[in-house]
Amino acid sequence: SQQGEEDPQALSIQEGENATMNCSYKTSINNLQWYRQNSGRGLVHLILIRSNEREKHSGRLRVTLDTSKKSSSLLITASRAADTASYFCATVGNLGSARQLTFGSGTQLTVLP
Amino acid sequence: DTAVSQTPKYLVTQMGNDKSIKCEQNLGHDTMYWYKQDSKKFLKIMFSYNNKELIINETVPNRFSPKSPDKAHLNLHINSLELGDSAVYFCASSRGLQETQYFGPGTRLLVL
């Protein structure tokens, strides 16, 4: 079964607003990663947050991780039209095949100019 | 200077055919992967290959086989193609099995 589930499935906002996407997962993890996919393109890595970290920043991106709730959030501040893409969370476990990246279903973000 | 490249970009073929998709990375990574993304954008790991250790997702049919001639290449061979194999296939690589992955541009496979 799928490890990560993103919420919402789709999000539409105005340029300049903040966008928040959430991810929930089921089993223990080594780390959690967020990726972006522009339409018709490959995935691009955004941030990796390890299980012993609670928050990480990269430019306009802020990721939080709550291992007690098995959830993570991605915040994009001051959004731009170029941020329009699908955003995926992916978890990495510690044992056997769980060490592979397991992706959620993604959030489609549309930023309107 | 493409880090992870795949060929071909598009592949249209008939049911029952055998085809291969090639992947090359110039990042010096030890681990490579193949993913399948369906029409609903759900991305699923098929294989990971790390220092000759092959981890296979148990749901992958044995018609799919990865072949690694060297550390920089992981090709995907598909036998007896079926309609349900139509999808976008992504190759990726990383330094280690649990690290950040770098994706190729994808191969769009359409089986008629």
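So the protein sequences, as listed, match chains A and S. For the first sequence, this note's numbering gives the first residue as 1, with consecutive numbering after it. For the second sequence, this note's numbering gives the first residue as 1001, with consecutive numbering after it. Beta carbons: idealized from backbone N, C-alpha and C, even for Gly.
Whole-angstrom C-beta distance between residue j and residue i, which should lie under 8 Å
i             : j             : result
residue 49(A) : residue 61(A) : Between residue 61(A) and residue 49(A) the Cβ distance is about 11 Å, and since that is not below 8 Å, they are no contact.
residue 93(A) : residue 29(A) : 6 Å
residue 51(A) : residue 67(A) : 6 Å
Range covered by the beta strand (DSSP E) that runs through residue i
i               : result
residue 50(A)   : 43-50
residue 5(A)    : 5-7
residue 1053(S) : 1053-1056
residue 57(A)   : 55-58
residue 19(A)   : 19-24
residue 36(A)   : 31-37
residue 1083(S) : Element bounds for residue 1083(S): n/a, residue is neither H nor E.
residue 88(A)   : 85-92
residue 11(A)   : 10-14
residue 1004(S) : 1004-1007
residue 103(A)  : 101-103
residue 1111(S) : 1107-1111
residue 61(A)   : 61-66
8 Å Cβ cutoff, residue i in contact with chain S
i              : result
residue 107(A) : no
residue 92(A)  : yes
residue 9(A)   : no
residue 67(A)  : no
residue 48(A)  : yes
residue 24(A)  : no
residue 1(A)   : With a pLDDT of 39 at residue 1(A), under the threshold of 50, the modelled position of that residue is not reliable, and the figure given next carries that caveat. False, the Cβ-Cβ gap to chain S never drops below 8 Å.
residue 102(A) : yes
residue 86(A)  : yes
residue 16(A)  : no
Neighbour list for residue i in chain C, Cβ cutoff strictly below 8 Å
i             : result
residue 57(A) : You won't find chain C in this structure, because its protein chains are A and S.
Test: residue i CB closer than 8 Å to a CB of chain A
i               : result
residue 999(S)  : The question about residue 999(S) has no answer here: the residues shown for chain S are numbered 1001 through 1112.
residue 1061(S) : no
Beta-bridge pairing of residue i - partner residues as DSSP gives them
i               : result
residue 1065(S) : 1077(S)
residue 1050(S) : 1031(S), 1053(S)
residue 112(A)  : 14(A)
residue 1024(S) : 1005(S), 1073(S)
Quiz item: Does the segment 5-21 of chain A come close enough to the segment 1064-1078 of chain S that 3 or more CB-CB pairs lie under 8 Å?
Solution: Segments in contact, no.
Quiz item: Is the segment 1032-1042 of chain S touching the segment 1086-1093 of chain S, taking contact as three or more C-beta pairs under 8 Å?
Solution: Contact annotation: the segment 1032-1042 of chain S touches the segment 1086-1093 of chain S, with at least three C-beta pairs closer than 8 Å.
Exercise. Report yes or no: do the segment 1102-1112 of chain S and the segment 28-43 of chain A share at least 3 C-beta pairs separated by less than 8 Å?
Key: Because the criterion of three Cβ pairs below 8 Å is met, the segment 1102-1112 of chain S and the segment 28-43 of chain A touch.
Quiz item: Are at least three pairs of beta-carbons, each pair with one atom in the segment 73-86 of chain A and one in the segment 101-111 of chain A, less than 8 Å apart?
Solution: Contact between the segment 73-86 of chain A and the segment 101-111 of chain A is present, because at least three Cβ pairs lie under 8 Å.
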